[in-house]
Structure formats: structure tokens, C-alpha cells
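Down below is the structure, laid out as C-alpha cells.
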Amino acid sequence: LKSMHTLSDESLCERWLENPYYQLFCGEEFFQHRLPFDRTSLTRWRLRMGEERLMALLQESLAAAARLGAAKPSDFRAVIVDTTVQEKAITFPTDAKLMHRARERLVKLAKRHGIALRQSYARVGKIALIKHQRYAHAKQFKRANRQLKRLRTMLGAVIRDITRKLVGRPELMQVFALPLSLARRVRDQRQRERGKKVYSLHAPEVECIGKGKAHKPYEFGVKVSVATPLYRSRGGQFVAHIKALPGNPYDGHTLATIIPAIEDTIGVSLGKIVTDAGYRGHNAPKGKMFKVHVAGYKRGLTKVVKRALRRRAAVEPVIGHLKSDHRMGRNFLAFSQGDANNAVLAAVGYNFSLLLNWLRLLCAFLLALFATPAAPPIQPRTA
41 LKSMHTLSDE SLCERWLENP YYQLFCGEEF FQHRLPFDRT SLTRWRLRMG EERLMALLQE
101 SLAAAARLGA AKPSDFRAVI VDTTVQEKAI TFPTDAKLMH RARERLVKLA KRHGIALRQS
161 YARVGKIALI KHQRYAHAKQ FKRANRQLKR LRTMLGAVIR DITRKLVGRP ELMQVFALPL
221 SLARRVRDQR QRERGKKVYS LHAPEVECIG KGKAHKPYEF GVKVSVATPL YRSRGGQFVA
281 HIKALPGNPY DGHTLATIIP AIEDTIGVSL GKIVTDAGYR GHNAPKGKMF KVHVAGYKRG
341 LTKVVKRALR RRAAVEPVIG HLKSDHRMGR NFLAFSQGDA NNAVLAAVGY NFSLLLNWLR
401 LLCAFLLALF ATPAAPPIQP RTA
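As numbered in my numbering, residues 41 to 423 make up the sequence shown, in order.
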């Protein structure tokens, strides 16, 4: 229900109390006036379930589609595979903001555990951040870099001060281990430096992914693989498989694990896989090597393959609906497990919304069929 109707945990609990259809969908026999659980139970339930158990919900949505006649198992023998970026709910990262925030977190943690710092840089740090942002906006980059250097110096001073005062206190070393490690990485990383970077202190798993979009050159989150049937089923374009891919792997190098996972989810062997040009040089399993058709190749294509390649763009509106209507556009769930769970739940909500539309059309058709008025009796002609 949360993913189907794009609701937060709080809004879902409020609507569940006043909506009898929600309660019936959840298996209640009588109308309930109190929640049978606390709102925080949803968070613990997601953590307890994990990605593998949530995939059972996706399988059940496809099985329900087959039982209701909205899709056939043969519809999933040919699929389109594509990747997109599931963005994390973080602010746009800049070096100045990250260093300022890292210093604030360390100062706050030190104050909580009774560590007296030589200087917190609370006021001068904030002024330096504001000056950096103003200079950068005015394209005065020499002055902006001067303030950035001051912020880096302040962060380094706080790190060294805390490190000195943790000597001989092993119980606090564990508390400060992760914050100090993140602060050092933020202090040492540079703008055009290769390698893994920190883009958010509360979500260090976030990655910078460039998809080549003109309006959004870089996206910060995790790459997600989406698979849909090549041809539209009776009930719509269902999601056959979805999986988060941490580490920003090359698209073509994901098929070795994605193809067996798709077959496990749908329960049939794939006969055709259509991808975009980003999958060139793929590593599909040997049995599926010649069943993968990559867009961009022109020679030696049959009419059937050409028609299949023209259908490749059918996955794009599915990705758009997952992002705009089912909470995959901005992920608010924590950690890498939250990235994986949110992607699967978005696909489950999308599939069940298609099933609801299919049932709505089916009921409307049956009502129209049985509600047709009988023809009036023929009146005899009078002379």
C-alpha cells in the first residue's frame, strides 16, 4: 500500500485507520479503530525481511497477474533490461559543506561524551562556509578556494584534538572510530580525484553516477537494474525483475548475475534479452550469449530482431512510473539494505497498481455486460 500510493509511513498509518479497503487488503475481517502495530514496526519489518524475502512479493505479484489473466508466463520469455539511478535523499555534496558538517558532527559527539576541545570553530567555520558559497556563486574562485582551505584546516585541527584526547580511553575509541574515519576521508579527498569518495556523512554508501544527461550530469545514489517484458501483457508492462547494484558496475558486466536472477524470479527460461548500447561487451552466461541483442548493431539482423530492438524504449516509461509514482525517485531508507529494499518495494507497488487497474477494467466490463437493458417488446401495429 505504501509503494502503490506513494505514502510515507505516517500517512499510511493514518489512512489505514480510516480506509476500510486498506484494512480488507491487509486481511482484516472487521473494521479496526486502532492500529495493530506501531509506525516504527514498518522500519523493523523492512530490516527483518531483507531483499531476498521481499523478492517473494514481486514473484507473488507476477503469479497473481497470471491467475487473473493479466499476463501469461510466455510473456516473460523475452525481456528488456536497462539500468537507472535510484537517488538517495541527500543534499547536493560540495567539499565545503561536507567538511563543515563533518566538523559539526565531531564537535557535537565530543560534547556529548564530555571531551573538552581546545576550539570548536563554531562561528568562524560557519562564516567561512557562507563566504565560500558567496564567492563561488560570484565565480571568484581564488577567494572561494581560500575559504575552502580554512575549512579544511579547521576540520584537521578538530580531528587531531580529538585523537590526542582519546589516548588511553578505549571505550571512546570505538564510538569515534567511524566519525573520525569519515572526517579524514572528507578532509583528504579532492575534486577530480579517482576512487571511492564520501558524498554524504549520514549515507556514506552513496555513489556518484554519470549517465550523460544534459539536465543532470551526475546523480548520487545507487545503480538499479530493471527488467520488463519485451511485449506488453494484457494487464500492462509489468516489472519482471529489479535489483540494486552497489559499486556502480559497468552495465554489460551485470548480465552474468542478472539473467539467472530474472529466470529465478519469473520461473521460465529466457529466450531473448534486449538491451541498450551500454551493454556492449557483456558477460552473459554461455547459454544466453547469442540471445542478448544490443541496440546499435545493424548487420545481420532479422526482421524479428529489428522489431524487438524497436521495442527497447518500452522500459523507459516503466522506470519513469517507478520513480514518480512509487517512491524510487528519492530513496529515504537508510544504508545499502534500504537501497535494495526500496527498489524491490517500488516494483511490487507498481505491479499491484497495474493489477488494480486490470481488476477495475474487468469489473467495469462485467457490469456493462450484465447490465445491458433488455430490448422492449414489439408493439403490434394498429389498423
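Each residue gets a CB set at the ideal place from its N, CA and C atoms; glycine is no exception.
Remember, predicted model here, so these are calculated numbers, not experimental data.
What are the start and end residues of the alpha helix (DSSP H) that includes residue i?
i    : result
Q187 : F181 to K205
S265 : Unbroken run through S265 is the beta strand (DSSP E), E259 to P269; no alpha helix (DSSP H).
E211 : P210 to D228
E58  : D49 to E58
H333 : H333 -> not in any alpha helix (DSSP H); beta strand (DSSP E) instead, spanning V332 to V334.
T305 : L295 to I306
I170 : A162 to H177
S393 : F375 to F410
E92  : T80 to R107
A348 : K343 to R350
G360 : V355 to D365
What span of residues does the beta strand (DSSP E) with residue i cover, start to end?
i    : result
I130 : Unbroken run through I130: none, as it is neither H nor E.
A284 : H281 to L285
C66  : Neither: C66 is in no beta strand (DSSP E) and is coded neither H nor E.
K312 : K312 to T315
I249 : E247 to I249
Can you tell me the Cα-Cα spacing of residue i and residue j, whole angstroms?
i    : j    : result
A354 : L270 : 8 Å
Q99  : I306 : 7 Å
S364 : L373 : 17 Å
N391 : L64  : 19 Å
Q214 : G369 : 35 Å
T268 : P257 : 26 Å
L47  : A386 : 12 Å
V308 : D115 : 10 Å
A111 : P76  : 35 Å
E5   : A104 : A question about residue 5 goes unanswered here, because the residues of the chain that appear run from 41 up to 423.
L94  : H293 : 25 Å
S43  : W56  : 14 Å
A404 : N397 : 11 Å
K328 : N382 : 29 Å
G389 : Q180 : 48 Å
D228 : R86  : 35 Å
M89  : N185 : 47 Å
K236 : F70  : 53 Å
A408 : V262 : 47 Å
A31  : A254 : Residue 31 lies beyond the residue range present for the chain, which begins at 41 and ends at 423; the question has no answer from this structure.
S376 : L406 : 46 Å
I170 : R141 : 13 Å
E356 : V334 : 16 Å
R400 : I299 : 33 Å
G311 : R234 : 39 Å
P113 : G378 : 30 Å
A317 : H366 : 27 Å
D49  : D78  : 10 Å
So residue i packs on residue j, CB below 8 Å; how close in whole Å?
i    : j    : result
L191 : H172 : 7 Å
K331 : I313 : 6 Å
V238 : F260 : No, V238 and F260 are not in contact; Cβ-Cβ is about 11 Å, not under 8 Å.
V121 : S265 : 7 Å
G276 : L349 : Not really, about 22 Å apart at Cβ, beyond 8 Å.
A296 : A324 : 7 Å
Q187 : A168 : 5 Å
Y62  : L41  : 6 Å
By alpha-carbon positions, which one of the options ends up nearest to residue i?
i    : options                   : result
R74  : N59, L373 and V344        : N59
L3   : R350, A168, V384 and T83  : Because residue 3 is not part of the residues shown, which for the chain are 41 to 423, the question remains open.
F132 : K253, L241 and L82        : L241
R274 : G252, R107, E54 and E50   : R107
R232 : V207, R339 and C248       : C248
T80  : F70, F71 and L52          : L52
A243 : L401, N371 and A408       : N371
Y290 : Q277, G250, A254 and K326 : G250
L97  : V279, I299 and F410       : V279
T124 : A324, T315, L399 and T134 : T315
P219 : T193, K189 and E144       : E144
E91  : A411, Y337 and A380       : A380
L212 : I155, A178, G321 and T134 : I155
D135 : Y337, R209, R230 and T342 : R230
Item checked: Sufficient close CB pairs (3 or more, under 8 Å) joining the stretch 147-154 to the stretch 279-298 -> The stretch 147-154, when compared against the stretch 279-298, does not touch it at the 8 Å Cβ threshold.
Check your understanding: If we count Cβ pairs, one from each stretch, closer than 8 Å, do we get three or more for the stretch 158-166 versus the stretch 196-208?
Key -> These segments touch.
Review point. Just checking, does the stretch 209-227 make contact with the stretch 119-128 on the three C-beta pairs under 8 Å criterion?
Key: The stretch 119-128 and the stretch 209-227 do not touch, with fewer than three beta-carbon pairs separated by less than 8 Å.
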